[in-house]
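Visitor: Sharing a structure here in structure tokens format.
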Amino acid sequence: MSPRSLAPAKRAADLFPDTLSPQLATLVSKPPDRGDWVYEIKLDGYRILARCEGGKVRLFTRNSNDWTAKLASLALEVATLPVETAWLDGEVVVLGEGGIPDFNALQNAFDKRGTEGITYFIFDLLYLNGMDLRGLEFRKRRELLETLFAGHDQGRVRLAQTFAADGPSVLQSACKMGLEGVIAKKVNAPYKSTRSDAWLKVKCEFRQEFVIGGFVTRAGSPREIGGLLLGVYDDDGRLHSVGSVGTGWDSASAGAMFKTLKALEVATSAFDPEFAPTKGRWSRRPAGGERWVQPVTVVEVSFTEWTPDGHIRHPKVHGIRYDKPPELIRREGWR
Numbered sequence: 002m003s004p005r006s007l008a009p010a011k012r013a014a015d016l017f018p019d020t021l022s023p024q025l026a027t028l029v030s031k032p033p034d035r036g037d038w039v040y041e042i043k044l045d046g047y048r049i050l051a052r053c054e055g056g057k058v059r060l061f062t063r064n065s066n067d068w069t070a071k072l073a074s075l076a077l078e079v080a081t082l083p084v085e086t087a088w089l090d091g092e093v094v095v096l097g098e099g100g101i102p103d104f105n106a107l108q109n110a111f112d113k114r115g116t117e118g119i120t121y122f123i124f125d126l127l128y129l130n131g132m133d134l135r136g137l138e139f140r141k142r143r144e145l146l147e148t149l150f151a152g153h154d155q156g157r158v159r160l161a162q163t164f165a166a167d168g169p170s171v172l173q174s175a176c177k178m179g180l181e182g183v184i185a186k187k188v189n190a191p192y193k194s195t196r197s198d199a200w201l202k203v204k205c206e207f208r209q210e211f212v213i214g215g216f217v218t219r220a221g222s223p224r225e226i227g228g229l230l231l232g233v234y235d236d237d238g239r240l241h242s243v244g245s246v247g248t249g250w251d252s253a254s255a256g257a258m259f260k261t262l263k264a265l266e267v268a269t270s271a272f273d274p275e276f277a278p279t280k281g282r283w284s285r286r287p288a289g290g291e292r293w294v295q296p297v298t299v300v301e302v303s304f305t306e307w308t309p310d311g312h313i314r315h316p317k318v319h320g321i322r323y324d325k326p327p328e329l330i331r332r333e334g335w336r
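Using this note's numbering, read the sequence shown as starting at 2 and increasing by one per residue.
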């Protein structure tokens with residue numbers, strides 16, 4: 002790439018940051034169909050940024066939590082990339098049947114400390130060898146990233162694919178394959194560490210994170226979870242009820258989740274009284290069976306729609322999100 006094409010980049014020898022916040026995508030109902038966008042598969046995993054310096058790599062979540070120790074073997078593989086210094090942006094996943102990311106398997110990998118099966122898909126390059134690339138257009142950052150991966154053995158550290166086809170076709174194909182959705186990226190936009198209209202996400206179904214505020218036990222199995230009581234925060238810090246979910250786990254998971262939540266049990270509900278349903282509306286169990294917990298656990302759930310009173314219909318749990326703080330969980334809305 003010519004020096005002229007790197008003009009918006011900055012020398013970063015003295016500005017190489019210790020941590021970095023990622024750019025986030027804005028949820029929309031349909032992909033753009035103009036020609037200045039490219040598309041990526043929305044990967045069902047955890048967002049991870051990699052800081053490379055002097056042959057050493059540190060791996061961070063989107064909230065700057067250092068997960069290097071949890072992903073030690075992966076960090077060693079990232080360190081084989083031919084860079085002196087770099088910041089990389091991507092997603093870690095566990096690939097299941099047919100090469101489709103399996104979020105539940107990813108969660109199990111962390112729970113059982115078996116992270117050697119985790120794959121890191123890298124989709125952006127923010128710093129490289131003393132240059133801050135965030136001011137470059139995405140297509141130029143992508144060219145540099147592709148050059149970086151040229152000839153590199155893509156084992157557990159891989160270059161994410163981009164597609165230049167029209168958005169609706171890419172989305173349709175992704176949904177048919179059982180993928181979560183697609184990300185549209187504006188090719189002429191710089192990288193900004195905030196939620197941006199230059200990155201758009203389109204999902205095949207409603208799916209987002211919720212905070213667990215309570216639970217009910219399974220009928221006949223008092224040491225297993227029968228249902229989770231879910232909520233989202235508003236901008237004033239009030240926890241709103243969105244209903245309950247009772248599917249998405251097996252008996253072993255139900256027992257493990259019970260132990261986790263029982264340790265967090267408290268006497269009173271964290272749901273704001275104005276936005277919490279009356280007792281007995283949580284599930285088909287008799288009123289009074291609800292048990293409250295500290296609202297510190299985040300769970301990812303898919304569902305078919307929002308009801309007029311702000312509840313989710315036909316939900317299913319996909320796993321616990323260890324990488325997202327509960328106080329940031331909001332109801333996602335289409336634009």
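In this text, a Cβ means the ideal position worked out from N, Cα and C, and glycines have one as well.
Suppose you measure from the CA of CYS205 to the CA of GLU181; what does that come to, to the nearest Å?
Guide: 6 Å
Visitor: Residues in its own chain within less than 6 Å of ARG286 by CB, not counting five upstream and five downstream?
Guide: Only weak support exists for where ARG286 lies, its pLDDT of 43 falling under 50; the value from the coordinates is given anyway. Here the set comprises VAL217.
Visitor: Can you pull the DSSP bridge partners for PRO102?
Guide: LEU96
Visitor: Compare the C-alpha of ARG35 against each of HIS319, GLY228, PRO169 and LEU146 and name the closest.
Guide: PRO169
Visitor: Quick one: is LEU149 buried, meaning 16 or more other Cβ sit within 10 Å of its Cβ, or exposed?
Guide: buried
Visitor: Using 8 Å as the Cβ pair cut-off and three pairs as the minimum, do the region 103-115 and the region 50-64 touch?
Guide: no
Visitor: Which residues does DSSP list as the beta-bridge partners of ALA175?
Guide: Answer is none; ALA175 lacks a bridge partner.
Visitor: Can you tell me which of PHE139, GLY334 and ARG196 puts its alpha carbon nearest to the alpha carbon of TRP307?
Guide: GLY334
Visitor: Does DSSP put ARG143 in a helix, in a strand, or in coil?
Guide: helix
Visitor: Write down the C-beta distance between TRP88 and ARG48 rounded to the nearest angstrom, noting that I regard them as a contact closer than 8 Å.
Guide: At roughly 13 Å, the Cβ-Cβ gap does not stay under 8 Å, so TRP88 and ARG48 are not in contact.
Visitor: Have a look at MET178 and GLU92 and give me their C-alpha separation to the nearest angstrom.
Guide: The straight-line gap from Cα to Cα measures roughly 19 Å.
Visitor: Mind checking who ARG52 pairs with in its DSSP beta bridge?
Guide: ARG59 and TRP88
Visitor: Within the continuous alpha helix (DSSP H) that includes THR261, where are the two ends?
Guide: For THR261, the enclosing alpha helix (DSSP H) has its first and last residue at 252-263.
Visitor: Roughly how many angstroms lie between the CA atoms of VAL294 and ARG331, to the nearest whole one?
Guide: 19 Å
Visitor: Let me check understanding here. Comparing Cα to Cα, which of ASN105, TYR121 and ASP45 lies closest to VAL79?
Guide: In terms of Cα proximity to VAL79, the closest of ASN105, TYR121 and ASP45 is TYR121.
Visitor: Could you tell me the alpha carbon to alpha carbon distance between GLY215 and LEU229, rounded to whole angstroms?
Guide: 6 Å
Visitor: Work out the CA separation of SER74 and PRO102 for me, nearest whole Å.
Guide: 20 Å
Visitor: Using 10 angstroms around the beta-carbon of THR81, count the other beta-carbons present and answer buried if the total reaches 16, otherwise exposed.
Guide: exposed
Visitor: For GLU340, which option in TYR234, PHE259, GLY238 and GLU41 has the closest C-alpha, if you only look at C-alpha atoms?
Guide: Here the chain has residues from 2 to 336 only, and residue 340 is not among them.
Visitor: To the nearest angstrom, how far is it from the Cα of ALA161 to the Cα of ILE123?
Guide: 5 Å
Visitor: If you reduce the DSSP assignment to three classes, tell me which class PRO296 lands in.
Guide: strand
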